[in-house]
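Participant:
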Amino acid sequence: SRLTLPFTARADQAVNPVAAKLLKVMVSKQSNLCVAADVTSASRLISLAESAGPYVCLFKTHIDIVEDFSPQLIQDLLAAAQKHNFLLMEDRKFADIGHTVSLQYSQGIHKISSWADLVTVHPIPGEGVITGLKSAVTNLHRGCFLVVEMSSAGNLASPNYVASSMEISKKHPDFVAGIVCQTSGTVQNPGLLQLTPGVSLDCQNDGHLGQQYNSPEDIVMSRGADIAVVGRGIIQATDPAQAAQEYRAKLWAAYEKRVSS
Ligand code: BMP
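Counting from 1, position 100 in the sequence shown corresponds to residue 324 in UniProt numbering; the numbering is continuous, with no gaps.
Pasting the structure below:
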């Protein structure tokens with residue numbers, strides 16, 4: 225099954241080329257850690273890419289929170305990604321009709337499709353949200369993660385919603401690299417990656433803001449994460465490089481335990 229098959233074997237089963245590439249990066253860096261780079265200045269974003277970069281397979285941005293965004297920032301991010309061998313994911317959570325998301329993906333000041341290997345998408349609009357994104361990127365190696373379940377308290381993803389979302393993912397294996405979800409039964413296909421946020425060594429939640437955290441072991445062993453997303457656990461640490469190293473080691477050990485069980 226997906227949970228016990230090693231990443232190396234799964235890379236051969238991935239249909240989306242970015243998923244295959246990501247799996248290979250994970251194996252070569254021994255990292256199933258994605259850092260959520262939720263910082264609001266270009267210099268902090270780049271310094272995080274430099275400090276956490278060696279320990280992550282994926283660098284997840286919310287590019288619209290950067291106060292001093294410029295095209296140079298994208299050049300710097302791409303250079304860091306190449307230097308440290310990680311992929312870039314813009315966590316845009318597209319959630320509109322196909323035509324609108326095709327513009328949001330490729331136009332505006334951020335021109336996301338020109339640099340982000342991966343983006344996140346809410347399946348709420350139906351299949352058109354994916355066909356819209358695909359229509360903006362002919363010939364580029366791009367992919368998306370479908371957000372089918374969220375980590376936040378009281379989120380509205382019912383079992384029905386999750387099941388229908390997975391049906392949508394099956395129709396677009398060329399573009400869907402993986403699934404953002406919280407439970408291990410959701411993703412069966414070994415060619416798809418499960419990305420799971422809500423990971424912390426120190427906290428159970430973030431107070432009244434709704435985030436809910438699990439430990440690295442839980443997220444990989446019980447909740448089925450292939451890649452764990454860590455934001456504040458790393459970026460608010462006194463030493464982000466050291467924190468990234470610690471999360472990477474714990475998450476990779478949990479993955480090795482999972483595949484050997
Ligand atoms: P933190 O580890 O600081 O709580 O950050 C989690 C990150 O993952 C944030 O960037 C958030 O946007 C994202 N995220 C999440 O927390 N839950 C989800 O269900 C989906 C997300 O993308």
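Backbone N, C-alpha and C define an ideal beta-carbon position, used for all residues, glycine too.
Taking the continuous beta strand (DSSP E) assigned at E314, which residues delimit it?
Facilitator: L311 to F318
Participant: Cβ of G457 versus every heavy atom of the ligand BMP: is any distance shorter than 7 Å?
Facilitator: yes
Participant: Answer yes if the stretch 285–302 comes into contact with the stretch 320–328, meaning at least three C-beta pairs across the two stretches below 8 Å, and no otherwise.
Facilitator: no
Participant: Going by the C-beta, is Q412 closer than 7 Å to any heavy atom of the ligand BMP?
Facilitator: no
Participant: Counting pairs of Cβ atoms below 8 Å between the stretch 237–251 and the stretch 425–441, do you hit three or more?
Facilitator: no
Participant: Considering only residues of the same chain and omitting the five flanking positions on each side of I333, which have a CB-CB separation below 8 Å?
Facilitator: F293
Participant: Is the distance from the Cβ of S408 to the Cβ of G448 below 8 Å?
Facilitator: yes
Participant: Which same chain residues, not among the five before or five after Q328, have their C-beta less than 8 Å away from its C-beta?
Facilitator: Within its own chain, the residues whose Cβ lies closer than 8 Å to the Cβ of Q328, once the five positions on either side in sequence are excluded, are R316, F318, D320 and I336, listed in chain order.
Participant: Output yes or no for whether 8 Å exceeds the beta carbon distance between K474 and P440.
Facilitator: yes
Participant: Can you tell which of I270, L342, K481 and Q254 has its C-alpha closest to the C-alpha of I459?
Facilitator: Nearest to I459 by C-alpha distance, out of I270, L342, K481 and Q254, is I270.
Participant: What distance in whole Å lies between the Cβ atoms of R226 and L247, which are believed to be in contact at a cut-off of 8 Å?
Facilitator: So it is not a contact: roughly 12 Å between Cβ atoms.
Participant: Is it the case that the Cβ atoms of A381 and Q436 are separated by a distance below 8 Å?
Facilitator: no
Participant: Ignore the nearest five residues each way along the sequence and tell me which others in Q299's own chain have a CB closer than 8 Å to its CB.
Facilitator: none
Participant: Taking 8 Å as the cut-off, decide whether the C-beta atoms of W339 and L302 are in contact.
Facilitator: yes
Participant: Within its chain, find whatever has a CB closer than 8 Å to the CB of M313; leave out the 5 residues flanking it on each side and keep chain order.
Facilitator: C258, L282, F283, K284, T285, A340, D341, L342, V343, T344 and F369, listed in sequence order.
Participant: Are A273 and G415 touching if we call contact CB-CB under 8 Å?
Facilitator: No, the Cβ-Cβ distance between A273 and G415 is not below 8 Å.
Participant: Beta carbon of G367, beta carbon of V400: below 8 Å?
Facilitator: yes
Participant: Just to confirm the assignment, what range does the alpha helix (DSSP H) spanning V343 have?
Facilitator: Segment L342 to V345 is the beta strand (DSSP E) holding V343; no alpha helix (DSSP H) there.
Participant: Return helix, strand or coil for T462, following the three-state DSSP convention.
Facilitator: coil
Participant: Helix, strand or coil for residue 490, going by three-state DSSP, please let me know.
Facilitator: Given a span of 225 to 485 for the chain in the structure shown, any question on residue 490 remains unanswerable.
Participant: Could you give the DSSP three-state label for I451: helix, strand or coil?
Facilitator: Reduced to three states, the DSSP call for I451 is strand.
Participant: Three-state secondary structure (DSSP) at N429?
Facilitator: strand
Participant: Please indicate yes or no: does the CB of D262 lie closer than 7 Å to some heavy atom of the ligand BMP?
Facilitator: Correct: D262 has its Cβ closer than 7 Å to the ligand BMP.
Participant: Inspect the beta-carbon positions of residue 506 and P464 and report whether they are closer than 8 Å.
Facilitator: Examination of residue 506 is not possible in this model, given that the chain is present from 225 through 485 alone.
Participant: Figure out for me which residue from K481, T232, Q469 and M250 has the closest Cα to the Cα of V444.
Facilitator: K481
Participant: Could you tell me whether the Cβ atoms of A260 and V453 are closer together than 8 Å?
Facilitator: In this structure, V453 lies closer than 8 Å to A260 by Cβ.
Participant: On the DSSP letters alone, give me the boundaries of the alpha helix (DSSP H) that V386 sits inside.
Facilitator: P383 to K395
Participant: How close, in whole Å, do the beta carbons of W476 and N309 come, if the pair is a contact with beta carbons under 8 Å?
Facilitator: W476 to N309, Cβ: 16 Å. No contact.
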